[in-house]
């Protein structure tokens, strides 16, 4: 016997077309009453462009609010955020000491390790976001895309200079950069554009989490060479400012939660696998690969004092939650503190 209801459906259950997520008919079903579902007009997609409810008078480089109104979002709360501000900082790294992080060799190599990813990585990020710029309907988000690309372009330029500095010390930087480039070229060649953007979202989440450690705890760069400390703080601050731009573009073009999660899982394996590979190779070149003292120094730095890596597990897992948004991890106060102290000594920079 067929269940009572239209078309053989059980009475009271939502119609898959008329009562899909984002439509008002879904509100009447008891299962969905606990979730604030945004209204939609019949005949229109529930995938509204992100940012349609922003502060109409945002200040450039300041805080704005964007209303999260998306079918994959379980809250319609206003999320405070930072608008990316373009700063063309240039650093003179010509005479930086070999071990610039307080003479700690393994820790210095960890930062150098990360730098090797950035020139190719930043180019990939810019290309994947710009590919969808014309599909963004929110003028403020489109402006943020432009600022995102400008910031990433400056980061790439400075890390090219950084990487030349460490290559001059005898490390196989060129070969390691080529390998990173090869991986990203394969992604560009074989992955659909939306999936490439999902990769950018995942990697931007990693950079934002690592940036939060640098901004939060001054001990992360304590005793570091002043120019290197300033470079990393600048990069961390701007990664924080634009940490949601690629994510918002991904949602605006209808990127799915499932794809976002699958791509994050795969990206985690590849990225951290390469980080470990780079660290081993650099420490081998420095002839400290089998030094228990150096490995302990690195592990202590990352996980104990000043530590912080274990504290990233929660923010990382949050990424897999439906409705997640990067600015739920609100570290704008740390960003404001960095801006207030943005008075680097002149010898640290070249003229822009």
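In this note's numbering, the protein residues as written are 337 to 688.
Just so it is clear, CB atoms sit at the ideal spot from N, CA and C, and this is done for glycine as well.
So, residue 432 versus residue 563, is the Cβ gap smaller than 8 Å?
Contact flag set, yes.
Backbone CA spacing between residue 672 and residue 655 [nearest angstrom]:
Taking the straight line joining both Cα atoms gives about 24 Å.
Top-ranked residue by Cα proximity to residue 480, from 675, 581, 660
That would be 581, whose Cα lies nearest to the Cα of residue 480.
Quick check on DSSP: helix, strand or coil for residue 560?
DSSP, reduced to helix, strand and coil, places residue 560 within a strand of the structure shown.
Alpha carbon to alpha carbon, what distance is there between residue 629 and residue 527?
Spanning the two alpha carbons is a distance of roughly 42 Å.
Applying the 10 Å Cβ sphere with the 16-neighbour rule, what's the burial state of residue 484?
Buried: at least 16 other Cβ atoms inside 10 Å.
What residue does the alpha helix (DSSP H) around residue 449 start on, and which one ends it?
Unbroken alpha helix (DSSP H) run through residue 449: 441 to 466.
What is the DSSP secondary structure of residue 383, counted as helix, strand or coil?
Per-residue confidence for residue 383 stands at a pLDDT of 37, beneath the threshold of 50, marking its modelled position as unreliable; the derived number appears in the next sentence. In the three-state reduction of the DSSP assignment, residue 383 falls in the coil class, being assigned neither a helical nor a strand state.
Cβ-based burial, residue 464 [other Cβ within 10 Å; buried from 16]
Classification for residue 464: buried.
Supposed close pair residue 445, residue 557 - CB separation, criterion 8 Å
Contact check for residue 445 and residue 557: beta-carbon distance about 15 Å, past the 8 Å limit, so the pair fails to qualify.
I need the DSSP call for residue 484, collapsed to helix, strand or coil.
Three-state DSSP puts residue 484 in a helix.
How big is the Cα-Cα spacing for residue 605 and residue 475?
When rounded, the distance between both Cα atoms is 35 Å.
Does the distance from the CB of residue 586 to the CB of residue 538 come in under 8 Å?
Between residue 586 and residue 538, the gap from beta carbon to beta carbon reaches 8 Å or more.
Inspect the beta-carbon positions of residue 521 and residue 422 and report whether they are closer than 8 Å.
Against a cut-off of 8 Å, the Cβ pair of residue 422 and residue 521 comes out as no contact.
With residue 645 as the anchor, note down where its alpha helix (DSSP H) starts and where it stops.
Annotation for residue 645: no alpha helix (DSSP H) segment contains it, and DSSP assigns it neither H nor E.
So what does DSSP say about residue 418, is it helix, strand or coil?
Correct three-state label for residue 418: strand.
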